Amino acid sequence: MASNRSISQSVRPAAGFAVRMTMALSVVVFLLMMLLGLIMRMAQGALLDISPDLFYQVMTAHGAGMVGTAGLAGAAIMWHFLNRYARPSVSVYWLFLALFLIGVVLILAGIFAGGFAGAWTFLYPLPARSGAVWSTHAAFSFIAGLLLVGVGFLLFYLDAARAIVGRYRNLSNALGWPTLFGGEQADPPPPAIVASSAVLIINTVALIVGAVILTITAVNLYVPSFGVDPLLAKNFIYFFGHVFINATIYMAVIAVYEIMPAYTGRPWKSSRLLIAGWSATLVMAMAVYPHHLFQDTVMPGWMLVMGQILSFASGIPVIVITTYALLTYLHRSGIKWDLTSALLTLGVFGWAGGVIPAIIDGMIVVNKVMHNTLWVPGHFHFYLLLGMVAMALGFAAWLVQGEKPGAAMTLSQKLAFGGFLLGGLGVVLTFLYAGKESVPRRWAVHVPEWIGPDRLGSAFAALVVVATIAIAIRYLSRCARSS
Amino acid sequence: MQEFLWGLTLLLVALLALIFIAVIRQAAVPAAAAVPAQTGRYRQPLFWALVIVGLAVTYGTLIPWPYSPDSRASDAPLRVNAVSEQWSWTIDRTELPLNKPIVFFVTSRDVNHGFGLYDSDRRLLTQVQAMPGYVNKVHYTFTKPGQYRVLCLEYCGLIHHDMIAELTVKP
Chain A
1473 MASNRSISQS VRPAAGFAVR MTMALSVVVF LLMMLLGLIM RMAQGALLDI
1523 SPDLFYQVMT AHGAGMVGTA GLAGAAIMWH FLNRYARPSV SVYWLFLALF
1573 LIGVVLILAG IFAGGFAGAW TFLYPLPARS GAVWSTHAAF SFIAGLLLVG
1623 VGFLLFYLDA ARAIVGRYRN LSNALGWPTL FGGEQADPPP PAIVASSAVL
1673 IINTVALIVG AVILTITAVN LYVPSFGVDP LLAKNFIYFF GHVFINATIY
1723 MAVIAVYEIM PAYTGRPWKS SRLLIAGWSA TLVMAMAVYP HHLFQDTVMP
1773 GWMLVMGQIL SFASGIPVIV ITTYALLTYL HRSGIKWDLT SALLTLGVFG
1823 WAGGVIPAII DGMIVVNKVM HNTLWVPGHF HFYLLLGMVA MALGFAAWLV
1873 QGEKPGAAMT LSQKLAFGGF LLGGLGVVLT FLYAGKESVP RRWAVHVPEW
1923 IGPDRLGSAF AALVVVATIA IAIRYLSRCA RSS
Chain B
16 MQEFLWGLTL LLVALLALIF IAVIRQAAVP AAAAVPAQTG RYRQPLFWAL
66 VIVGLAVTYG TLIPWPYSPD SRASDAPLRV NAVSEQWSWT IDRTELPLNK
116 PIVFFVTSRD VNHGFGLYDS DRRLLTQVQA MPGYVNKVHY TFTKPGQYRV
166 LCLEYCGLIH HDMIAELTVK P
């Protein structure tokens, strides 16, 4: 089998520039999307007066923007470390980035010029049946934008597959299966390659399924007689959405695998346990999506049971193994904390912590009283804001400190990190509390009894924005200096 | 139930945070060996503990089948039809009996909606999706008289937040 040795610890200059640009874009868009999130919480808390149509446009932009940017930042992380072990194409990466940007322009035009407000989940047949609120062209612009972004990601993963197969001969080797099944002990691929291989397989499938339903939705806008069964459409959408958003975390955690050893002095190896975990995730990440459909009682019972069982079980292979391994590596490692290591460790905590309320909501009996309440944004902001985004910001911090451990945190960095942690926890807990109080999700207008947690959540969201501005300024100014 | 779930979540998150804090407090202390040998000793017990908890929770929450009618009720359930469309509910009976099992047959004329049954304290009691082309069923037995509301729980467009119906439960 091919060696797990890196081709080079230093990434090619052209690749390094592309990654720094991507992270600059990601950090700025994360920040803008956080501001949209703050606007929504303030509107729900009656601190800001915006019309419901604008609220739902902002909600659509926030959802699509955050999911897309999480995907973009995750892809940059995966690609950056893939360059250590293989030779993905820089040209394809730029094409991916160009398609992403063109897609974003179409999405924003559909929302803010055309008034599309069908949510990022574009639940069929809502895009075509807005109640005369938005035009067909606006919906098409949004759907076409998502399709272009998806095509870009598909090219990205296909090229990643080409590069990995070029180095490791086939994906079976890259997933570490000879070590897992053949007892071959020497030189399994590094965790970055195992994780990248699993992600590219599941996300390629998800993107194709997503493209199918997006295309049907787009045609249906102009040819209403060309439709699809709404339940099948729902299955496609949640399969695509679930896998894609989880893949953003799976890609981001590669930064933890690759960077933390520089701090702990302990290499993160591909143990048989880690390989088995990623192989199990390969199946579970794709099979767990029916937990989004617990309230569709016409779904086959076995699928709903599978959704509940896998909601619990899918937490074990990667999350528990990664969290346990990180804690083991950190323990008495003599680590010197800086912004990078603090954010990456927070990212793993956020990922593991967010899974707790998610698994609880992944039980049918609980889902009956929690589904589509604010409990749901409570758990996904936990593992996305405090998990995925923290990892992405940690990776960005790493890039601009020369890809080596930096100096101890300055006071301003400590304040920024503390603000992000405190604000993030506040955002999450106020959502979860409101979910416990049965407050519906995606409501532009809240009754007075609900606005207490909204206002508190707004204050915490503002703290997250300020902390992220501080982290972003450090990254962008250092980027500008180095270029 | 919601209060219990909130408390359980806080407890488990706090436990996770305490584990992280305990490790982080020790992290800056350099060890003599690269990785302390004893750190692997919790791995197997943790795995089996998760498996046992998973099996117990699965059994306890899936049996009886959560979509079944109330097994204690001897009466045949009363059928109530609820049809949704942007942005209103048409429910064929809005005065409902106390302590009688009811099965709501829920569908939609246009897009996806959510049938969320709330009590007068704004507590979500149960829910089901309203799908175009399908009829989803949800069972519920009212045990307190009073005013109840149906709120839309699936985003359905501009007036989603105002898609509310009233139900009255009388003895």
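Protein sequence lines correspond, in order, to chains A and B. Residues are numbered in my numbering as their position in the first sequence, beginning at 1, plus a constant of 1472. Residues are numbered in my numbering as their position in the second sequence, beginning at 1, plus a constant of 15. Glycine residues also receive a C-beta, built at the ideal position from the N, C-alpha and C atoms. Everything numeric in this text was worked out from a predicted model, so none of it was measured.
- Residue-level contact check: residue 1772 of chain A does not touch chain B, since none of the beta carbons of chain B fall below 9 Å from its beta carbon.
- The stretch 150 to 175 of chain B is shown to contain whole beta strand (DSSP E) runs of 3 or more residues at 151 to 156 and 161 to 167, in chain order.
- For residue 96 of chain B, the beta-bridge partners assigned by DSSP are B:120.
- For the stretch 109 to 129 of chain B, the beta-carbon criterion of a distance under 8 Å to any beta-carbon of chain A is satisfied by 125, 126, 127 and 129.
- Per DSSP, the unbroken beta strand (DSSP E) holding residue 128 of chain B starts and ends at 128 to 133.
- For residue 1794 of chain A, the closest C-alpha among the options A:1495, A:1714 and A:1663 is that of A:1663.
- Apart from the 5 residues on each side of it in sequence, residue 1574 of chain A sits with its Cβ closer than 7 Å to the Cβ of 1620 in its chain, given in chain order.
- Chain-order list of chain A residues neighbouring residue 178 of chain B: empty, with the shortest C-beta distance near 10 Å, by a criterion of under 9 Å.
- DSSP places residue 144 of chain B in the uninterrupted beta strand (DSSP E) bounded by 139 to 145.
- The alpha carbon of residue 1587 of chain A has as its nearest neighbour, out of A:1784, A:1873 and A:1602, the alpha carbon of A:1602.
- Rounded to whole angstroms, residue 1931 of chain A and residue 1487 of chain A show a C-alpha spacing of 39 Å.
- Going by DSSP, residue 103 of chain B is part of the beta strand (DSSP E) stretching over 103 to 106.
- Annotation: residue 1868 of chain A to residue 1945 of chain A spans about 11 Å, alpha carbon to alpha carbon.
- Residue nearest to residue 1500 of chain A within the set A:1518, A:1542, A:1485 and A:1524 is A:1542 (criterion: CA-CA distance).
- Closer than 9 Å at the C-beta level to chain B, one finds these residues of the stretch 1909 to 1938 of chain A: 1909, 1910, 1911, 1912, 1913, 1914, 1915, 1916, 1917, 1918, 1919, 1921 and 1922.
- By the Cβ rule, the stretch 128 to 143 of chain B does not count as touching the stretch 1740 to 1760 of chain A, because fewer than three pairs are nearer than 8 Å.
- CA-to-CA, the gap between residue 1700 of chain A and residue 1953 of chain A works out to about 53 Å.
- DSSP lists B:111 and B:161 as the beta-bridge partner residues of residue 184 of chain B.
- Restricting attention to A:1735, A:1937, A:1839 and A:1533, the CA atom closest to the CA of residue 1893 of chain A is found in A:1937.
- Of all residues in the stretch 1859 to 1886 of chain A, none is placed with a Cβ closer than 9 Å to any Cβ belonging to chain B.
- Counting only runs of at least 4 residues, the stretch 1843 to 1915 of chain A fully encloses the following alpha helix (DSSP H) elements, listed from N- to C-terminal order: 1847 to 1855, 1862 to 1871 and 1883 to 1908.
- In chain order, 1780, 1835, 1836, 1837 and 1838 make up the part of chain A whose C-beta sits under 9 Å from the C-beta of residue 76 of chain B.
- With respect to chain B, the C-beta atom of residue 1539 of chain A has no partner C-beta closer than 9 Å.
- With a minimum length of 4 residues, the unbroken runs of alpha helix (DSSP H) contained wholly in the stretch 1628 to 1699 of chain A fall at 1643 to 1646, 1649 to 1653 and 1663 to 1694.
- Of all residues in the stretch 1796 to 1808 of chain A, only 1796, 1798, 1799, 1800, 1801, 1802, 1803, 1804, 1805, 1806, 1807 and 1808 come within less than 9 Å of chain B when Cβ atoms are compared, listed by chain position.
- Distance from residue 1669 of chain A to residue 1630 of chain A at the Cβ level is roughly 13 Å; contact not present, criterion being Cβ atoms closer than 8 Å.
- Here the alpha carbon of residue 1902 of chain A sits roughly 11 Å from the alpha carbon of residue 1854 of chain A.
- Inter-residue distance for residue 1797 of chain A and residue 1571 of chain A is about 37 Å (C-alpha atoms, whole angstroms).
- Within a 10 Å sphere around the beta-carbon of residue 158 of chain B sit fewer than 16 other beta-carbons, which makes this residue exposed.
- Close to residue 148 of chain B, with beta-carbon spacing below 8 Å, are these residues of chain A in chain order: 1701, 1702 and 1703.
- Proximity of the stretch 1895 to 1914 of chain A to the stretch 1838 to 1856 of chain A meets the contact definition, three or more beta-carbon pairs being nearer than 8 Å.
- About 7 Å separates the beta carbons of residue 1812 of chain A and residue 1873 of chain A, which is inside the 8 Å limit, making them a contact pair.
- When DSSP states are grouped into helix, strand and coil, residue 36 of chain B belongs to the helix group.
- When the five nearest sequence neighbours on each side are left out, the beta carbons in the same chain lying within less than 8 Å of the beta carbon of residue 1712 of chain A are those of 1678, 1679, 1681, 1682 and 1685, in order along the chain.
- Under the three-state reduction of DSSP, residue 1597 of chain A is assigned to coil, being neither helix nor strand.
- Proximity of residue 101 of chain B to chain A, defined by a Cβ-Cβ separation below 9 Å, is satisfied.
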